[in-house]
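What follows is one structure encoded as structure tokens, with my remarks underneath.
Residue numbers (our numbering), protein chains in the order written: chain A, 1 to 99; chain B, 100 to 619.
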């Protein structure tokens, strides 16, 4: 099967993730959408590694996974702190800073 | 089957980065091992020592014979003139802004960070922690980790290293923004906003990286440049990848239309952290952007220059015009930082390669960043000193008549404002002159004219603050706090450097001219 289709799938996943961050109001769901975007990039890199015949893209995927895990640690700690303060993770409730 | 060769690593040349990283790790060890009352002092000594040692190592390596320039650590770090200069600037500004972290006299013996960031604001746990005088001395290792990421980011020679460095630089900053002692709700909200938007922008950077890899078959800037000259696929893939990478980078620089987080995060974060972000993050992001777009995508400059020119114009316009309407000092400085990002992008567009002995775009950008950096570090340090009963006074009306309460501090702030405005005889003027002439030589005369017009309007923003400080009736209840040397050193150095760079720009101009060529 041609790697092209995997790249199209990656682009679709990335778009879904972007839309998710834009329209979902729950910080946790927005964060999950960001993770979807990272994994879309992983899929694209693996597909391109297959197409170009190199290993760079596949190795890069592991780095991205580790970075994503670190991001989860930081992100969840921030979201939980906000939740304990406000009893809500809605990004609409976080509006003290708006003009 | 071939034997696996061990990767090489140039320990000596990369010692400045390793020193900062090692100090951050030792800092974590201090948190675990030392009793609470010793932690703060030892963390402060540790970061001062580490940054000092890193700077000495950097200068020694710079002064040694130049055969140590080249690609380091299996071609993932590029050690060239720009890397040396950016590292030096990052270490100096990192040290100055971290000194403000260590200020404890302004807040009755407590730092500007929450006693317990995990406690709910207003709860019994929070009161208990502040009464027990608990402190988050973890802020120092966090800032050092961030500084490590920045140093790798500006010198990275492939996109994967750049991505990892981008995250190492950003993740500690998300946490630091949420740790203010006062106005904690605002601070937590700033952290959430910064985190979500920052994660979104790094996802864009990553997808751009994947697409660029697809087009070129490599993450290495040099090979990307070669592959662009000899393409396999259609250009659409490359342009999409470039655009996504640019979105991720412009977000970190704080350029319009990716600037929404800047004012909110600058206001919500503890002021010392804002100072650190305002200069170090900007320096690192600009440095990495210039390297990626000059070294990697230099062959496609006709495609990206017009777009970056448009971004530069709207960034200057929004930054300057919105700054006119601000009534909050930190928000004003945030919009000022957005407009300065626009002025820097003007030089990025110039992309003049630089004839020998003549300053190229990167040299002018670096001079601008250094002049802007000294003024920014000092300005945010001064914001921590203007206080009332409830803490720092951020409303500009509260700054009225500061010239009568403390002529020295108001005088210094006036010098910094003049440098921001780019008035002659300050560092800001020489910086503006340098970036505008870089764009002029690059054939962007219309952009230079627009930038000159915007800097005239911007001057009004800063002069308004000066007039208010010296010619308005003093505001009630606002005092200039008694700060220790931790705040005064950055303030004094920032003011002196702003004036010095305006009066004697020669040495630094020579330095950035001699060492502004990127290695390919």
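All C-beta atoms, glycine included, are put in the ideal place defined by N, C-alpha and C.
Are the Cβ atoms of residue i and residue j separated by less than 8 Å?
{"i": "residue 501 (chain B)", "j": "residue 485 (chain B)", "result": "yes"}
{"i": "residue 447 (chain B)", "j": "residue 407 (chain B)", "result": "yes"}
{"i": "residue 291 (chain B)", "j": "residue 372 (chain B)", "result": "no"}
{"i": "residue 544 (chain B)", "j": "residue 511 (chain B)", "result": "no"}
{"i": "residue 389 (chain B)", "j": "residue 549 (chain B)", "result": "no"}
{"i": "residue 228 (chain B)", "j": "residue 286 (chain B)", "result": "no"}
{"i": "residue 301 (chain B)", "j": "residue 348 (chain B)", "result": "no"}
{"i": "residue 113 (chain B)", "j": "residue 149 (chain B)", "result": "no"}
{"i": "residue 243 (chain B)", "j": "residue 132 (chain B)", "result": "no"}
{"i": "residue 497 (chain B)", "j": "residue 574 (chain B)", "result": "yes"}
{"i": "residue 326 (chain B)", "j": "residue 315 (chain B)", "result": "yes"}
{"i": "residue 160 (chain B)", "j": "residue 167 (chain B)", "result": "yes"}
{"i": "residue 246 (chain B)", "j": "residue 380 (chain B)", "result": "no"}
{"i": "residue 68 (chain A)", "j": "residue 38 (chain A)", "result": "yes"}
{"i": "residue 383 (chain B)", "j": "residue 249 (chain B)", "result": "yes"}
{"i": "residue 328 (chain B)", "j": "residue 398 (chain B)", "result": "yes"}
{"i": "residue 617 (chain B)", "j": "residue 394 (chain B)", "result": "yes"}
{"i": "residue 358 (chain B)", "j": "residue 437 (chain B)", "result": "yes"}
{"i": "residue 401 (chain B)", "j": "residue 392 (chain B)", "result": "no"}
On the CB-based measure, 16 or more other CB atoms within 10 Å of its CB, does residue i come out buried or exposed?
{"i": "residue 129 (chain B)", "result": "buried"}
{"i": "residue 119 (chain B)", "result": "buried"}
{"i": "residue 572 (chain B)", "result": "exposed"}
{"i": "residue 491 (chain B)", "result": "buried"}
{"i": "residue 454 (chain B)", "result": "Legend: pLDDT at residue 454 (chain B) = 48, less than 50; position of this residue unreliable, value from coordinates given subsequently. Its Cβ having fewer than 16 others within 10 Å, residue 454 (chain B) is exposed."}
{"i": "residue 73 (chain A)", "result": "exposed"}
{"i": "residue 99 (chain A)", "result": "In this predicted model, residue 99 (chain A) has a pLDDT of only 43, less than 50, meaning its place in the structure is not dependable; the value taken from the coordinates is given anyway. Under this definition residue 99 (chain A) is an exposed residue."}
{"i": "residue 230 (chain B)", "result": "exposed"}
{"i": "residue 479 (chain B)", "result": "buried"}
{"i": "residue 81 (chain A)", "result": "buried"}
{"i": "residue 137 (chain B)", "result": "exposed"}
{"i": "residue 142 (chain B)", "result": "buried"}
{"i": "residue 356 (chain B)", "result": "exposed"}
{"i": "residue 4 (chain A)", "result": "exposed"}
{"i": "residue 179 (chain B)", "result": "buried"}
{"i": "residue 566 (chain B)", "result": "exposed"}
{"i": "residue 434 (chain B)", "result": "buried"}
{"i": "residue 89 (chain A)", "result": "buried"}
{"i": "residue 559 (chain B)", "result": "exposed"}
Let me make sure I understand the geometry here. Which of the options has the alpha-carbon closest to that of residue i?
{"i": "residue 62 (chain A)", "options": "B:145, B:262, B:510", "result": "B:262"}
{"i": "residue 611 (chain B)", "options": "B:184, B:112, B:192", "result": "B:184"}
{"i": "residue 177 (chain B)", "options": "B:515, B:253, B:232, B:545", "result": "B:253"}
{"i": "residue 255 (chain B)", "options": "B:228, B:319, B:243", "result": "B:319"}
{"i": "residue 523 (chain B)", "options": "B:108, B:554, B:537, B:422", "result": "B:554"}
{"i": "residue 536 (chain B)", "options": "B:464, B:599, B:587, B:377", "result": "B:464"}
{"i": "residue 570 (chain B)", "options": "B:443, B:499, B:162, B:441", "result": "B:499"}
{"i": "residue 514 (chain B)", "options": "B:581, B:591, B:534", "result": "B:591"}
{"i": "residue 386 (chain B)", "options": "B:188, B:163, B:601", "result": "B:188"}
{"i": "residue 76 (chain B)", "options": "B:140, B:436, B:531, B:557", "result": "Summary: the structure shown does not reach residue 76 (chain B), with chain B confined to residues 100 through 619, and so no result is reported for it."}
Tell me residue i's beta-bridge partners as DSSP assigns them.
{"i": "residue 169 (chain B)", "result": "B:178"}
{"i": "residue 147 (chain B)", "result": "None; residue 147 (chain B) has no bridge partner."}
{"i": "residue 319 (chain B)", "result": "B:257"}
{"i": "residue 212 (chain B)", "result": "B:279"}
{"i": "residue 427 (chain B)", "result": "B:494"}
{"i": "residue 206 (chain B)", "result": "B:209"}
{"i": "residue 73 (chain A)", "result": "Answer is none; residue 73 (chain A) lacks a bridge partner."}
{"i": "residue 25 (chain A)", "result": "Partner(s): none; residue 25 (chain A) has no beta bridge."}
{"i": "residue 579 (chain B)", "result": "B:485"}
{"i": "residue 90 (chain A)", "result": "A:26"}
Roughly how far, in whole angstroms, is the beta-carbon of residue i from the beta-carbon of residue j, given that I think they are within contact range, below 8 Å?
{"i": "residue 10 (chain A)", "j": "residue 49 (chain A)", "result": "Contact flag wrong, Cβ pair sits at about 12 Å."}
{"i": "residue 210 (chain B)", "j": "residue 234 (chain B)", "result": "6 Å"}
{"i": "residue 596 (chain B)", "j": "residue 527 (chain B)", "result": "With 8 Å as the limit, residue 596 (chain B) and residue 527 (chain B) do not qualify as a contact, their Cβ atoms being about 11 Å apart."}
{"i": "residue 306 (chain B)", "j": "residue 44 (chain A)", "result": "7 Å"}
{"i": "residue 30 (chain A)", "j": "residue 284 (chain B)", "result": "20 Å between Cβ atoms; not a contact."}
{"i": "residue 377 (chain B)", "j": "residue 483 (chain B)", "result": "Not a contact, Cβ separation roughly 13 Å."}
{"i": "residue 46 (chain A)", "j": "residue 58 (chain A)", "result": "6 Å"}
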